[in-house]
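If you're matching positions, the sequence shown starts at 10 in this note's numbering and goes up one per residue. Built from N, CA and C at the ideal position, the CB exists for glycine as well. Report on the following structure.
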Amino acid sequence: MLSQTNPKKIVVFTGAGISAESGLQTFRDSDGLWNNYQLEEVATPKAWAIHPEVVLAFYNERRKQAFEAQPNAAHKAVAKLEEQYEVIVITQNVDDLHERAGSTQVIHVHGELKYARSSKYDSPLFLYDKGKAIQFGDICDNGSQLRPHIVWFGEHIHHYELSKKHLETASKILVVGTSLLVYPAAHILEGASIDAEKIIVTQQLDKTPPGYELRKGNAAALVPNIVDGWLNNGKAAI
Ligand code: OAD
């Protein structure tokens, strides 16, 4: 079968590790959020039904921290790729550090902290930027409490088919800072072309998907090197 990849298209697929050096906690590292919180207590529809105040407090803290954080060298390097490539960032992250670093095409598959929405309907979205808290009692026109625009466990991932399509046509794929333990998000990577150059940068990975080259280390150190190589001669520097 002829390759359908576009030589000037890169997909960058990211997780919490790319924002770790901006000071935001990951989920599953030893100091990660899911070691300090029970995810069932704060990140499920059931938790929202039982104690919405607890869920709001958890995400209000995340929103405040994300607002105070700054993009690091890895986010900035990803944005720089747009000088020569069409770059689609597919992120599991709910912060907006990719956008603030300058990336213009960012797909959030697990939602975004800076939006709230009705607890009854998927839209419209209400901007809660600059770290603003969603209060218990903040309601929308239909009278329902506003909730974080976040994909909780048991809910549907966003933009899944669109993300898979982008994977299929990219000639270079860079995965950064994810344990690849959460599905269906991790399934998105399976759609990559066999011909595509595929690199994963992360500190720790239990299982490397077939066809991907694993480079263990810190995103802020390794990603700028790879990007420089792709910008200088189309080859990822070792
Ligand atoms: P995890 O916490 O599962 O994984 C973070 C990954 O980043 C691990 O592989 C770490 O080794 C790596 N890492 C940590 N610091 C790093 C650094 N400075 N440079 C490079 N890599 C580093 O986070 P995710 O894979 O993003 O979903 O988790 C996926 C989903 O699980 C999240 O989107 C969230 C969570 O529950 C929802 O809340 C729906």
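Using the three-state DSSP reduction, which class does residue i fall into: helix, strand or coil?
i       : result
Lys-17  : strand
Ile-116 : strand
Ser-39  : coil
Glu-30  : coil
Ile-148 : strand
Glu-49  : helix
Ile-164 : Note that residue 164 corresponds to Glu in the displayed sequence, not to Ile. In the structure shown, Glu-164 sits in coil (DSSP, three-state: anything other than H, G, I, E or B).
Lys-244 : coil
Lys-55  : helix
Assuming residue i is part of the alpha helix (DSSP H), what are its boundary residues?
i       : result
Thr-178 : 169–178
Leu-231 : 228–241
Ile-143 : First-last for Ile-143: undefined, no H or E at that position.
Tyr-68  : 61–77
Val-87  : 82–89
Ala-194 : Element bounds for Ala-194: n/a, residue is neither H nor E.
Leu-106 : 106–110
Contact check, residue i vs residue j under 8 Å by CB: the rounded distance?
i       : j       : result
Asn-15  : Ser-180 : 6 Å
Gln-101 : Val-115 : Between Val-115 and Gln-101 the Cβ distance is about 12 Å, and since that is not below 8 Å, they are no contact.
Ser-31  : Ala-86  : Not really, about 13 Å apart at Cβ, beyond 8 Å.
Ile-148 : Leu-155 : 7 Å
Arg-37  : Ser-202 : So it is not a contact: roughly 29 Å between Cβ atoms.
Thr-211 : Val-185 : 7 Å
Arg-224 : Leu-214 : Going by Cβ atoms, the distance from Arg-224 to Leu-214 rounds to 10 Å, so no, they are not a contact pair.
Ala-110 : His-84  : 4 Å
Hey, could you find the ends of the beta strand (DSSP E) residue i is sitting in?
i       : result
His-158 : 155–159
Val-96  : 95–100
Phe-135 : 134–136
Could you please give me the residues that DSSP links to residue i through a beta bridge?
i       : result
Ile-208 : Leu-183, Glu-222
Thr-23  : Thr-100, Val-185
Arg-126 : Leu-134, Arg-156
Glu-199 : Partner(s): none; Glu-199 has no beta bridge.
Glu-121 : His-158
Measuring alpha carbon to alpha carbon, tell me which of the options ends up nearest residue i.
i       : options                            : result
Val-8   : Tyr-192, Ile-197, Gln-47, Gln-13   : Only positions 10 to 247 of the chain appear in the structure, and residue 8 is not among them; the question remains open.
Lys-17  : Thr-178, Ala-66, Pro-233, Ala-228  : Thr-178
Asp-104 : Ala-229, Gly-238, Leu-33           : Leu-33
Gly-220 : Ile-166, Glu-199, Gly-226, Pro-233 : Glu-199
Ile-27  : Ser-127, Val-160, Ala-229          : Ala-229
Tyr-124 : His-175, Ala-195, Ala-75, Val-98   : Ala-75
Pro-80  : Leu-183, His-107, Thr-113          : His-107
Lys-141 : Ile-99, Glu-92, Glu-70, Val-160    : Glu-70
Arg-72  : His-158, Leu-134, Ala-205          : His-158
Lys-174 : Lys-129, Val-98, Leu-240, Arg-126  : Val-98
Glu-164 : Trp-57, Thr-23, Ser-172, Trp-239   : Trp-57
Asn-151 : Thr-35, His-84, Asp-131, Asp-204   : Asp-131
Glu-92  : Ala-246, Val-236, Lys-244          : Val-236
Residue i CB to nearest chain C CB: under 8 Å?
i       : result
Gln-213 : You won't find chain C in this structure, because it holds only one protein chain.
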